[in-house]
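Counting in the working numbering, the sequence shown runs from 2 upward without gaps. Notes for the one structure printed next.
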Amino acid sequence: MIRQARKTDFSFVYPILKQIFDEMQMKSIESLPEDQLYSLMKLGFISEDYRYSYRRIWVAEKDGKVTGILDMYPYKDQKIIDVVLRHDYAKTGLPVPTVIFDDQEAWPHEWYIDALAVHPDHWGEKIASHLMDEAEEVAKQHGYKIISLNVDQENPRAQRLYEHKGYQVQKSMTIGDRTYDHMIKRI
2 MIRQARKTDF
12 SFVYPILKQI
22 FDEMQMKSIE
32 SLPEDQLYSL
42 MKLGFISEDY
52 RYSYRRIWVA
62 EKDGKVTGIL
72 DMYPYKDQKI
82 IDVVLRHDYA
92 KTGLPVPTVI
102 FDDQEAWPHE
112 WYIDALAVHP
122 DHWGEKIASH
132 LMDEAEEVAK
142 QHGYKIISLN
152 VDQENPRAQR
162 LYEHKGYQVQ
172 KSMTIGDRTY
182 DHMIKRI
């Protein structure tokens, strides 16, 4: 079953989201102590507008357990998704000028998949594929005709899935310290 996340899902969503953070190897994230990152992400998750707000995340559930996550939003939200949490930095011991995400990841007229991850115990169960199908439906409901994502060039497994789902590379870009292919699909 796929459903929109609820505020109470954070403890299930965070470990799956953390897989992505670990793979990205972003200095801005790696420099944060684990307890600060956890607290910050929790505040963001229960907020209304943060990049990883429960309102932007869909979860796949199996036997009552979250097995995969999908985080997505329209390009136009890119201007607010990280700024909204800055007033909470002090609550987690971070200086207000701290920047965690500062790269442009989506482009005009795109519905953007920011994060897609499946718990390793459930790899191979087509959960990511089903979550991607959900992303297309949500994008269409919001009037978008292009859906996009960025895939690490060092992740051929994910690249194959996205190509299989009809995504095509448009350009390469740097996010953090890594090179990604920006892929789109017309829907």
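From the three backbone atoms N, C-alpha and C, an ideal C-beta is built for every residue, glycine too.
- In the three-state reduction of the DSSP assignment, L117 falls in the strand class, which pools E and B.
- Annotation: the continuous beta strand (DSSP E) that includes Q169 extends over 169 to 176.
- Secondary structure remark: continuous beta strand (DSSP E) runs of at least 3 residues inside the stretch 65 to 129, in chain order: 66 to 75, 111 to 119.
- Closest option to I148, judged by alpha-carbon separation, among S48, K19, P75, L71: P75.
- Taking C-beta atoms as the reference points, D23 and R52 fail to come closer than 8 Å.
- Ranked by Cα distance from Y90, the options Q37, S32, K172, E135 are led by Q37.
- When DSSP states are grouped into helix, strand and coil, I58 belongs to the strand group.
- The C-alpha of P109 is placed about 15 Å away from the C-alpha of I188.
- By the criterion of at least three beta-carbon pairs nearer than 8 Å, the stretch 7 to 27 is in contact with the stretch 53 to 65.
- Annotation: the continuous beta strand (DSSP E) that includes D182 extends over 179 to 187.
- Pairing G45 with D104 gives a Cβ-Cβ distance that is not under 8 Å.
- Close CB contacts of Y163 within its chain, under the 7 Å cut and outside five residues either way in sequence, are with L150, V152, M184 (chain order).
- Comparing C-alpha distances from R87 to each of K127, Q20, F102 shows the shortest one belongs to F102.
- For V67, the closest C-alpha among the options A107, F11, I30, E35 is that of F11.
- In the DSSP assignment, Q5 falls within the unbroken beta strand (DSSP E) covering 3 to 5.
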